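Sequential numbering of the sequence shown, starting at 14, is according to our numbering. Positions of the beta carbon are idealized from the N, C-alpha and C atoms, including for glycine. All figures in this text were calculated on a predicted structure; none of them were measured in a lab.
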Amino acid sequence: MTILGIETSCDETAVAVVRDGRHVLSNLIATQFDVHAKYGGVVPELASRAHLEKLDGLVEEALAQARCTAERVDAIAVTRGPGLIGSLLIGVTAAKTLAWSWGKPLIGVNHVHAHAMSAAIELDADPWPAVALVVSGGHTSLYQVRDYHDIVLLGRTVDDAVGEAFDKVASILDLGYPGGAVVDRRAQRGNPTMVRFPRAMLRGDSLDFSFSGLKTAVLYHIHGPGKTSGGLHRWTEDEIDDICASFCAAVVDVLVDKTMAAADRLGVDTVVVGGGVAANSMLRARLAERCASAGLRLYLPSMVYCTDNAAMVAALGCRLMSLGYSDGLELSASASLPPKAVRG
Ligand code: KG4
Ligand code: ZN
Numbered sequence: 014m015t016i017l018g019i020e021t022s023c024d025e026t027a028v029a030v031v032r033d034g035r036h037v038l039s040n041l042i043a044t045q046f047d048v049h050a051k052y053g054g055v056v057p058e059l060a061s062r063a064h065l066e067k068l069d070g071l072v073e074e075a076l077a078q079a080r081c082t083a084e085r086v087d088a089i090a091v092t093r094g095p096g097l098i099g100s101l102l103i104g105v106t107a108a109k110t111l112a113w114s115w116g117k118p119l120i121g122v123n124h125v126h127a128h129a130m131s132a133a134i135e136l137d138a139d140p141w142p143a144v145a146l147v148v149s150g151g152h153t154s155l156y157q158v159r160d161y162h163d164i165v166l167l168g169r170t171v172d173d174a175v176g177e178a179f180d181k182v183a184s185i186l187d188l189g190y191p192g193g194a195v196v197d198r199r200a201q202r203g204n205p206t207m208v209r210f211p212r213a214m215l216r217g218d219s220l221d222f223s224f225s226g227l228k229t230a231v232l233y234h235i236h237g238p239g240k241t242s243g244g245l246h247r248w249t250e251d252e253i254d255d256i257c258a259s260f261c262a263a264v265v266d267v268l269v270d271k272t273m274a275a276a277d278r279l280g281v282d283t284v285v286v287g288g289g290v291a292a293n294s295m296l297r298a299r300l301a302e303r304c305a306s307a308g309l310r311l312y313l314p315s316m317v318y319c320t321d322n323a324a325m326v327a328a329l330g331c332r333l334m335s336l337g338y339s340d341g342l343e344l345s346a347s348a349s350l351p352p353k354a355v356r357g
């Protein structure tokens, strides 16, 4: 089954053609980095406009690169949420238009579930049942994935997403936006035990996360207790490296401990990860270590499938269609899909 996938939930316009959920024939992403960088964050109106400008051309190019034609596409998959509503609407409207004009079925996909299952794209066999950790700029969630249409939320952030915390810490340290990759690079040179930042919600059974206290702890560490500015100049470049490393260590401790606790509780032997923060070197290394010592299989997707992409949307759409799901032209976008939705 050949699926055209469309992803426009945030600030990447992405289109992919995927066959049988596994063979990625094309996977294109038009980043809006330049549009938003000067504002230090995504501006929703500008994101919608950029999606609108890019989408048509990307669909044509994705088909051409896949050496595919509209006739040979079996269905259109599109991210229906969660995300920025204006951005989602551009993708959903485009997908509905294509489905109607090409006479093809349509399937709406949950963006976070697509992240959770993105590791499967590169595997020869399905990795389920598994615990899935989704760590991105907008989401931090742990799922139990039993099958492509059977995914249960185990825990999620009660405040900031982990990528958001990385971006805020980068902004506190004046390292640019988005800052996750820079904080990661600086952390690799630093000492992760230099500052003992708080590890929130590690006690007790909860699989929820909280990162806003950690972000504030970094802010006060930099500027002084209760202060939100004026202190950055006091720190040397080496000390900033140590602060980045100590922040990463606090984040990674919580993410890894909760993931391991979830796998243990559910008795599964497989862990998969998705989302842009899966690029983080300390997270990858620590997960690999802990999974190896606990005898768990760990699947970390290639970076192109970790960050926002349409291949994961097409792949999940394909699996859901195979399981008998599809949507009509009444499909609507939703900024906040219920996280416990059973269908992927
Ligand atoms: O999945 P993604 O591309 O977009 C969302 O769906 O949100 O994730 C983007 C997030 C940003 O917050 C970015 O700072 C973070 O992923 N990120 C990283 C790294 N690379 C990207 N965070 C930590 N370490 C990295 N190496
Ligand atoms: Zn995402």
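**Q.** Length at least 4, wholly inside the segment 305-349: the alpha helix (DSSP H) runs in chain order
**A.** For the segment 305-349, the full-length alpha helix (DSSP H) segments reaching 4 residues or more read 316-319 and 324-335 along the chain.
**Q.** Residue(s) in a DSSP beta bridge with T283
**A.** Answer is R310, bridged to T283.
Q: Give me the Cα-Cα distance between N293 and I16, rounded to the nearest whole angstrom.
A: In a straight line, the C-alpha of N293 is about 30 Å away from that of I16.
Q: For my contact list, V281 and F222 are in at a C-beta cut-off of 8 Å; report their separation, rounded to the angstrom.
A: No, V281 and F222 are not in contact; Cβ-Cβ is about 20 Å, not under 8 Å.
Q: Report all residues from its chain with a CB closer than 8 Å to the CB of L76; omit the five preceding and five following residues, and keep chain order.
A: For L76, where only same-chain residues beyond five positions count, the Cβ hits under 8 Å are L17, V30, S39, T82, A83 and V86.
Q. So is V147 in contact with chain B if we call contact Cβ pairs under 8 Å?
A. No chain B appears in the structure shown, which is made up of a single protein chain.
Q | Range of the contiguous alpha helix (DSSP H) that encloses V196 | A | Its alpha helix (DSSP H) spans residues G193 to R202.
Q) If you drop the 5 nearest sequence neighbours on each side, which residues of the same chain put their C-beta closer than 8 Å to that of I103? A) Only T21, S61, H64, L65 and L68 meet the Cβ criterion.
Q) In the segment 125-176, which residue ranges form an unbroken beta strand (DSSP E) of at least 3 residues, counting only runs that do not cross its ends? A) You should have 143-148, 153-160 and 163-169.
Q: Give a yes or no on contact between the segment 326-339 and the segment 161-169, applying the rule of three or more CB pairs nearer than 8 Å.
A: Verdict: yes, contact present.
Q.
For a quick check, are the C-beta atoms of L333 and I120 less than 8 Å apart?
A. The criterion of a C-beta distance shorter than 8 Å is satisfied by L333 and I120.
Q: Can you tell me which of the three DSSP states A107 falls into?
A: Here A107 sits in helix by DSSP.
Q) Within the present structure, is the beta-carbon of G104 separated from the nearest heavy atom of ligand 1 by less than 7 Å? A) Not under cutoff, so the answer is no.
**Q.** Unbroken stretches of the beta strand (DSSP E), 3 residues or longer, contained in the segment 33-111
**A.** The DSSP assignment places 36-44 and 88-94 as complete runs of the beta strand (DSSP E) inside the segment 33-111, in order along the chain (cut-off: 3 residues).
Q: May I have all residues whose beta carbon comes closer than 5 Å to any heavy atom of ligand 2, sorted in chain order?
A: Qualifying residues, in the order they occur: S149 and D321.
Q) Can you name, in chain order, every residue of its own chain whose Cβ lies under 7 Å from the Cβ of E124, other than the five neighbours on each side? A) For the sequence presented, residue 124 should be read as His rather than Glu. Excluding sequence neighbours, H124 sits near S22, T92, G94, P95 and G96.
Q. Taking C-beta to C-beta, are A346 and L101 nearer than 8 Å?
A. A contact, by the Cβ cut-off of 8 Å.
**Q.** Nonlocal neighbours in the same chain, by C-beta distance under 6 Å from Y52, ignoring five residues either side
**A.** Once the five neighbours on either side are set aside, Y52 has no close Cβ partner at all.
Q. Does DSSP classify K226 as helix, strand or coil?
A. Per the sequence presented here, residue 226 reads as Gly, with Lys not at that position. Shown here, G226 sits in a helix according to DSSP, grouped into three states.
Q) By the 10 Å Cβ neighbour count, where 16 or more other Cβ atoms means buried, how is D238 classified, buried or exposed? A) Reading the sequence as shown, one finds Pro at residue 238 and not Asp. P238 is classed as exposed because its beta carbon has fewer than 16 other beta carbons within 10 Å across all chains shown.
Q | Status (buried if at least 16 other CB within 10 Å, exposed otherwise) for T272 | A | That one is buried.
Q) Does the segment 185-202 come close enough to the segment 317-329 to have 3 or more Cβ pairs within less than 8 Å? A) As far as the Cβ criterion goes, the segment 185-202 does not touch the segment 317-329, which means the pair count is below three.
Q) Expressed to the nearest angstrom, what Euclidean distance is found between the alpha-carbon atoms of V284 and E343? A) If I take the Cα positions, the gap works out to 35 Å.
Q | Segment limits, beta strand (DSSP E) that includes T15 | A | For T15, the uninterrupted beta strand (DSSP E) run begins and ends at T15 to E20, by DSSP.
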